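Number of protein chains: 2
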Amino acid sequence: LKIDKDGAEFLPADEWTGKGLHEVFPLLFNKFGENVGISAIGVAGERLMSSAGICFNDIDNRPSRYAGRGGLGAVLGSKGLKFIVVDDKGAKGVEIVDKDAFKKGTKKLTEALTTHDITKPGGSLNTYGTAVLVNIMNEAGGYPTRNFSEGRFEGAAATSGEAIHDICNERGGAGKTGHPCHPGCIIQCSNVYPRPDGTEHVSCIEYESDWAFGANCGIDDLDAIADLIWLSNDYGLDTIEAGGTIAVAMEAQLAEFGDGPKAIELMKEIGEGTPLGHVLGSGAATTGKVFGVVRVPGVKGQNMPAYEPRAVKGIGMVYATSTMGADHTAGYTIAPEILGVGGEADPLDADKAALARGFQEATAFIDSTGYCLFIAFAVLDIPEGLEGTVESCNGVLGTDWTTDDIARIGREVLDKELEFNKAAGFTKAHDRLPEFMKYEKLPPHNTVFDVPDEELDKVHRG
Amino acid sequence: LKIDKDGAEFLPADEWTGKGLHEVFPLLFNKFGENVGISAIGVAGERLMSSAGICFNDIDNRPSRYAGRGGLGAVLGSKGLKFIVVDDKGAKGVEIVDKDAFKKGTKKLTEALTTHDITKPGGSLNTYGTAVLVNIMNEAGGYPTRNFSEGRFEGAAATSGEAIHDICNERGGAGKTGHPCHPGCIIQCSNVYPRPDGTEHVSCIEYESDWAFGANCGIDDLDAIADLIWLSNDYGLDTIEAGGTIAVAMEAQLAEFGDGPKAIELMKEIGEGTPLGHVLGSGAATTGKVFGVVRVPGVKGQNMPAYEPRAVKGIGMVYATSTMGADHTAGYTIAPEILGVGGEADPLDADKAALARGFQEATAFIDSTGYCLFIAFAVLDIPEGLEGTVESCNGVLGTDWTTDDIARIGREVLDKELEFNKAAGFTKAHDRLPEFMKYEKLPPHNTVFDVPDEELDKVHRG
Chain A
729 LKIDKDGAEF
739 LPADEWTGKG
749 LHEVFPLLFN
759 KFGENVGISA
769 IGVAGERLMS
779 SAGICFNDID
789 NRPSRYAGRG
799 GLGAVLGSKG
809 LKFIVVDDKG
819 AKGVEIVDKD
829 AFKKGTKKLT
839 EALTTHDITK
849 PGGSLNTYGT
859 AVLVNIMNEA
869 GGYPTRNFSE
879 GRFEGAAATS
889 GEAIHDICNE
899 RGGAGKTGHP
909 CHPGCIIQCS
919 NVYPRPDGTE
929 HVSCIEYESD
939 WAFGANCGID
949 DLDAIADLIW
959 LSNDYGLDTI
969 EAGGTIAVAM
979 EAQLAEFGDG
989 PKAIELMKEI
999 GEGTPLGHVL
1009 GSGAATTGKV
1019 FGVVRVPGVK
1029 GQNMPAYEPR
1039 AVKGIGMVYA
1049 TSTMGADHTA
1059 GYTIAPEILG
1069 VGGEADPLDA
1079 DKAALARGFQ
1089 EATAFIDSTG
1099 YCLFIAFAVL
1109 DIPEGLEGTV
1119 ESCNGVLGTD
1129 WTTDDIARIG
1139 REVLDKELEF
1149 NKAAGFTKAH
1159 DRLPEFMKYE
1169 KLPPHNTVFD
1179 VPDEELDKVH
1189 RG
Chain B
729 LKIDKDGAEF
739 LPADEWTGKG
749 LHEVFPLLFN
759 KFGENVGISA
769 IGVAGERLMS
779 SAGICFNDID
789 NRPSRYAGRG
799 GLGAVLGSKG
809 LKFIVVDDKG
819 AKGVEIVDKD
829 AFKKGTKKLT
839 EALTTHDITK
849 PGGSLNTYGT
859 AVLVNIMNEA
869 GGYPTRNFSE
879 GRFEGAAATS
889 GEAIHDICNE
899 RGGAGKTGHP
909 CHPGCIIQCS
919 NVYPRPDGTE
929 HVSCIEYESD
939 WAFGANCGID
949 DLDAIADLIW
959 LSNDYGLDTI
969 EAGGTIAVAM
979 EAQLAEFGDG
989 PKAIELMKEI
999 GEGTPLGHVL
1009 GSGAATTGKV
1019 FGVVRVPGVK
1029 GQNMPAYEPR
1039 AVKGIGMVYA
1049 TSTMGADHTA
1059 GYTIAPEILG
1069 VGGEADPLDA
1079 DKAALARGFQ
1089 EATAFIDSTG
1099 YCLFIAFAVL
1109 DIPEGLEGTV
1119 ESCNGVLGTD
1129 WTTDDIARIG
1139 REVLDKELEF
1149 NKAAGFTKAH
1159 DRLPEFMKYE
1169 KLPPHNTVFD
1179 VPDEELDKVH
1189 RG
């Protein structure tokens, strides 16, 4: 599908199917021009694998940024849609109703972003990338290790954002931190990870990808992790689900925890489309079902990301009640529970229905604006930043919202999503974490997930 | 687990695990005595495969009679329970409160069974076995063929009950029809299918097993079908789910429809526990998900048995609304819709909520009595037989039920099951047939499943 100022047209994509996206993206940019934007599925999506995401080009036209979760790649695949090429040349762009209000709003937001310790230039995200969280979550005992059997990983330091930063500096060449993933980004938290000889290995090693193939698989070798991320990008796979699936496969004794080369072999089965590859490409829940594994850390069929619900109860409540299954980005309560952003909350406290609700509402609003969710770090702490966010929306839309409207608008979005889920057959029985988290104590805190079901039911209905 | 008059004890079962049930059953009877009863799981249950059933010995101590559906074998496997050996020697048996009433009731029931054309000695079940239905359902255009893509199979006659009967006679030796599957059976509809040289091949080729590996896989060779049933019995698999899974695998192009030898190879993958075998052992829904197949004819994750909902609407309504997924034995509306038993109903008529409800209620009652469901053929047509059924229950229990209590008691059972399902997260959104049956027209009638959702919702809530 090609979309430009003159409309949309369908083109055959046969010559680009069945191949890795690293091979195909340069060919596409060569054909359609360097300045188009591309959304694509890889072989995983072509094969209707439910771990398939939709892949977008980054600022350097790499196939590396993702609408990763929820199997969207398989949805495109089921429609026979391989690429969407968008050429905005000569297109009129988004109409802005009140340009002054928009400028004023974005200025306030920019000031917040360039001031806050997490988001400012030279701040933690810009310097170390999202993987700055590795040591923090590990210290908190909430860094899921070896398929959610422990909360602390002995290889955390070796796979941390600090380690990535040091390797980029030491190896030099293509390696860099503070890389922007899209034009105009202020935070610039992406990176390009180099091989020992300084040539480019993969972009980007995000916290979630790093963890999914690292701690969660017991792998402490960043080069192996980089290989696994590169393969995910090549096949068009969600790294969180792919890593979680390898971890469940390790639980099923298809490989030893910590065995990077064997993990890479398993990933290649997905690329080759073998029967085992089809299983692994179907995600952790299906892999667990096929191999009879009980410790499958998912909700609504989606595997958990890199925060342990037994050590950080609020995020567990979000996992349980999010409309799309276990999802940290649906309501990032890690901010107050671990980072001291947007207030402070004891991570082990289980009385957090209001917190889990509030964060999901605010997030639904921010997601609807199109802003990167990472602005939240700044705007949760700096009131002018939040005002600027809303004012910039008013500028585009001509509305007169205030920050008081955020929760209401977010609630409307969530209620629509809940209505959809209800029609699809979801009930509160699906708003639950897996059984094993209720009886397996997680080291080092040796806690279980003890939030009562009634408390979970209060999150959306409270 | 061994149970006898002195109580129950757990014994280690290691020496019998990982082996075929045909090898293991003789060893068990040798150890525990020829007169014990054995419930067992095979390697499928040991591996927690969701197509695993619980296998019982038949009258000749073969591992061949099944609590097949719903993955019960995996449930036992998850508890580490391999066998239940019951030795009733010296046990006092079931207490009968009113022996006269019991005798009087069973006499009336026996008279009905020995009179009705379907159940009497020399009647259709006794002569041809359950596979007498092959030609009947094929004639009706409701015999699911090649993974529910057609309603009539060109190989029906070659795989019919009549063909089984003729082969048993021609080959002689161990072959026999009119075989009782348990002591005291009046109907005697089982069979022992012989090899060309007259030695025993498998017991029993039931209608459902015959169809699952026959028409549904496009296989018209009874000897290949016998092999596939033998393997199911050996691994401890539900034949309906196993055959449905092979058909979905054929849809996924793992084999050609009609290729018996390749189907046997696929089944052996299950026995060997290869990755592909784990997928296939997980049933049709999982296999469809793993290989991206849309035409998966299941409800609530359970594959449909040998009656086509698009050609026989009432049974489709039962499939949709049964508490355990697509299940013909939950309410055998085939009786009035096809066989003219218990009244007459046009199979293509979609207005059957009351019929689907009534049959499920009556069935829940009969299932609760412990009687074989096949008594229904006789007692639906012969009022004294139905009275006898209820009176024999009164004799055992000391109750004073009449036939008017049947629907009420059945309703109570169903309501409990529905309550369980609701707590497990099932809603009316799960009481639906798969989408493809609503838009793919089924030859030869070229009909879709056009029962409105509201009509389905009336079955239990009407």
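Chains as they are written, first to last, in our numbering: chain A, 729 to 1190; chain B, 729 to 1190. All residues carry an ideal CB built from backbone N, CA and C; glycine is no exception. Fair warning: this is a prediction, and the values are worked out from it, not measured in the lab.
Taking B/Ser1050 as the query, report the chain A residues whose CB atoms sit under 8 Å from its CB, ordered along the chain.
Within the second sequence, residue 1050 of chain B is the residue found at index 322, counting from 1. Neighbours of B/Ser1050 on chain A: none; closest Cβ ~16 Å, over 8 Å.
Say whether chain B places a C-beta atom closer than 7 Å to the C-beta of A/Ala991.
Numbered from its first residue, the first sequence carries residue 991 of chain A at position 263. Chain B contact via Cβ: absent.
Helix, strand or coil for A/Lys831 per DSSP?
Counting from one through the first sequence, the residue named residue 831 of chain A turns up at place 103. DSSP places A/Lys831 in helix when its eight states are reduced to three.
Whole angstroms is fine: what's the gap from A/Gly818's alpha carbon to A/Arg793's?
The residue labelled residue 818 of chain A in the question sits at position 90 within the first sequence. The residue labelled residue 793 of chain A in the question sits at position 65 within the first sequence. Take the alpha-carbon of A/Gly818 and the one of A/Arg793: they are about 25 Å apart.
Going by beta-carbon coordinates alone, are B/Gly1029 and A/Thr1155 separated by less than 7 Å?
Reading the second sequence from its first residue, position 301 is the one you call residue 1029 of chain B. Reading the first sequence from its first residue, position 427 is the one you call residue 1155 of chain A. No, they are not a contact pair.
Is the beta carbon of A/Gly857 closer than 7 Å to that of A/Gly808?
By one-based count along the first sequence, residue 808 of chain A stands at place 80. By one-based count along the first sequence, residue 857 of chain A stands at place 129. Contact: no.
Using a Cβ cut-off of 7 Å, pull out every chain A residue sitting near B/Val1024, in sequence order please.
Position 296 of the second sequence holds residue 1024 of chain B. What B/Val1024 touches in chain A: nothing, since even the nearest Cβ is about 12 Å away.
Would you tell me roughly how many angstroms separate the C-alpha atoms of A/Asn1174 and A/His1158, rounded to the nearest one?
Sequence index remark: in the first sequence, residue 1174 of chain A carries index 446 (1-based). Sequence index remark: in the first sequence, residue 1158 of chain A carries index 430 (1-based). Taking the straight line joining both Cα atoms gives about 25 Å.
With a CB to CB cut of under 7 Å and the five nearest residues on each side skipped, what residues in its chain are close to B/Asp966?
Numbered from 1 along the second sequence, position 238 holds the residue referred to as residue 966 of chain B. These residues qualify, in order along the chain: Ser779, Gly781, Tyr794, Gly796, Arg797.
Beta-carbon proximity of B/Ala1084 to B/Met1045, cut-off 7 Å
Your numbering for residue 1084 of chain B matches position 356 in the second sequence. Your numbering for residue 1045 of chain B matches position 317 in the second sequence. Going by C-beta atoms, B/Ala1084 is nearer than 7 Å to B/Met1045.
With respect to the alpha helix (DSSP H) encompassing B/Gly798, which residues constitute its N-terminal and C-terminal limits?
Within the second sequence, numbered from 1, the residue matching residue 798 of chain B stands at position 70. Segment: none, B/Gly798 is in no alpha helix (DSSP H) and carries neither H nor E.
Step through the CB atoms of chain A and report whether any lies within less than 7 Å of the CB of B/Pro906.
Counting from one through the second sequence, the residue named residue 906 of chain B turns up at place 178. Before going on, a small fix: residue 906 of chain B reads as Gly here, not Pro. For B/Gly906, the answer is no, since every Cβ of chain A falls outside 7 Å of its Cβ.
For A/Gly912, is the classification buried or exposed, using 16 other Cβ atoms within 10 angstroms of its Cβ as the cut-off for buried?
Sequence index remark: in the first sequence, residue 912 of chain A carries index 184 (1-based). Flag for A/Gly912 reads exposed.
Got a sec, what are the start and stop residues for the beta strand (DSSP E) B/Glu737 sits in?
Mapped onto the second sequence, residue 737 of chain B falls at position 9. Segment 735-737, the beta strand (DSSP E) holding B/Glu737.
Taking only three categories from DSSP, how would you classify A/Pro849?
One-based indexing of the first sequence puts residue 849 of chain A at position 121. Looking at A/Pro849 - three-state DSSP - the assignment turns out to be coil, as it is neither helix nor strand.
Beta carbons nearer than 7 Å to chain A: which residues of the segment 1000-1022 of chain B have them?
Pro1003, Leu1004, His1006, Val1007, Ser1010, Thr1014, Lys1017, Val1018, Phe1019, Gly1020
Taking CB distances under 7 Å as the criterion, tell me whether A/Leu1146 reaches chain B.
Position 418 of the first sequence holds residue 1146 of chain A. Answer no: the Cβ-Cβ gap between A/Leu1146 and chain B never drops below 7 Å.
If you check the beta carbons only, do A/Phe1177 and A/Pro1025 fall under 7 Å apart?
Taking the first residue of the first sequence as position 1, residue 1177 of chain A is located at position 449. Taking the first residue of the first sequence as position 1, residue 1025 of chain A is located at position 297. No, Cβ-Cβ distance for A/Phe1177 and A/Pro1025 is not below 7 Å.
Between the segment 769-780 of chain B and chain A, which residues of the former have CB atoms less than 8 Å from a CB of the latter, in chain order?
Arg775, Leu776, Met777, Ser778
How should A/Tyr1167 be labelled, buried or exposed, when 16 other C-beta atoms within 10 angstroms of its C-beta is the threshold for buried?
Here residue 1167 of chain A is taken as the residue at index 439 of the first sequence, counted from 1. Classification for A/Tyr1167: exposed.
Given this structure, state the Cα-to-Cα distance separating B/Ala884 from B/Pro872, to the nearest angstrom.
For the purposes of this step, residue 884 of chain B is taken as residue 156 along the second sequence, with counting starting at 1. For the purposes of this step, residue 872 of chain B is taken as residue 144 along the second sequence, with counting starting at 1. Between B/Ala884 and B/Pro872, the C-alpha separation is close to 11 Å.
Identify each residue in the segment 1158-1175 of chain A for which the Cβ-Cβ distance to at least one residue of chain B is less than 8 Å, and report them in chain order.
His1158
Where A/Leu950 and A/Ile957 are concerned, what is the direct C-alpha to C-alpha distance, given to the nearest angstrom?
Here the question's residue 950 of chain A lines up with position 222 in the first sequence. Here the question's residue 957 of chain A lines up with position 229 in the first sequence. Distance between the alpha carbons of A/Leu950 and A/Ile957 is about 10 Å.
With a cut-off of 7 Å, does the C-beta of B/Gly1201 fall near any C-beta of chain A?
Any question about residue 1201 of chain B goes unanswered here, given that chain B covers just 729 to 1190.
Outcome for A/Lys836 when other beta-carbon atoms lying within 10 angstroms are tallied against a minimum of 16:
Mapped onto the first sequence, residue 836 of chain A falls at position 108. By the neighbour-count rule (16 or more Cβ atoms within 10 Å), A/Lys836 is buried.
Let me make sure I understand the geometry here. Which of B/Glu737, B/Asn1122, B/Ile1062, B/Ala1092 has the alpha-carbon closest to that of B/Gly833?
The residue labelled residue 833 of chain B in the question sits at position 105 within the second sequence. Out of B/Glu737, B/Asn1122, B/Ile1062, B/Ala1092, B/Asn1122 has the C-alpha closest to the C-alpha of B/Gly833.
Does DSSP classify A/Leu965 as helix, strand or coil?
As a first step, residue 965 of chain A must be located in the first sequence, where it is residue number 237. The answer is strand: DSSP assigns A/Leu965 an E or B state.
Which value, in whole angstroms, describes the spacing of the CA atoms of A/Asn816 and A/Thr1117?
Along the first sequence, read from residue 1 onward, the residue named residue 816 of chain A stands at position 88. Along the first sequence, read from residue 1 onward, the residue named residue 1117 of chain A stands at position 389. Rather than Asn, the amino acid found at residue 816 of chain A in this sequence is Asp. One C-alpha to the other measures close to 25 Å.
Return the residue from the list B/Pro1172, B/Leu1146, B/Leu1170 that minimises the CA-CA distance to B/Asp1185.
Translated into positions along the second sequence, residue 1185 of chain B becomes position 457. Checked all of B/Pro1172, B/Leu1146, B/Leu1170; the closest Cα to B/Asp1185 is B/Leu1146.
Report the residues of the segment 1083-1100 of chain A with a CB closer than 8 Å to any CB of chain B, ordered along the chain.
From the segment 1083-1100 of chain A, no residue has a Cβ closer than 8 Å to chain B.
Kindly indicate which residue of A/Asp1077, A/Thr838, A/Asp955, A/Asn1031 has the alpha-carbon position closest to the one of A/Asp938.
In the first sequence, residue 938 of chain A corresponds to position 210, counting from 1. Comparing Cα-Cα distances from A/Asp938 to each of A/Asp1077, A/Thr838, A/Asp955, A/Asn1031, the minimum goes to A/Asp955.
Ordered along the chain, which non-local residues of its own chain (more than five positions away) have a Cβ less than 6 Å from that of A/Ser918?
The residue labelled residue 918 of chain A in the question sits at position 190 within the first sequence. Within the same chain, A/Ser918 has close Cβ partners His907, Cys909, Cys932.
In whole angstroms, what separates the C-alpha of B/Leu959 from that of B/Arg790?
Reading the second sequence from its first residue, position 231 is the one you call residue 959 of chain B. Reading the second sequence from its first residue, position 62 is the one you call residue 790 of chain B. Looking at the two C-alpha atoms, the distance is approximately 13 Å.
How far does the beta strand (DSSP E) with B/Asp732 in it reach, from first residue to last?
The residue you call residue 732 of chain B lines up with position 4 of the second sequence. Secondary structure note for B/Asp732: its beta strand (DSSP E) is the uninterrupted segment 730-732.
Residues that DSSP places opposite B/Ser918 in a beta bridge
To locate residue 918 of chain B, count along the second sequence from 1; it is residue 190. Paired residues: B/His907.
Expected contact under 8 Å - CB spacing of A/Gly841 and A/Gly1113 to nearest Å:
The residue given as residue 841 of chain A occupies position 113 in the first sequence. The residue given as residue 1113 of chain A occupies position 385 in the first sequence. Note that residue 841 of chain A is Leu in the sequence shown here, rather than Gly. That pair is a contact at about 7 Å.
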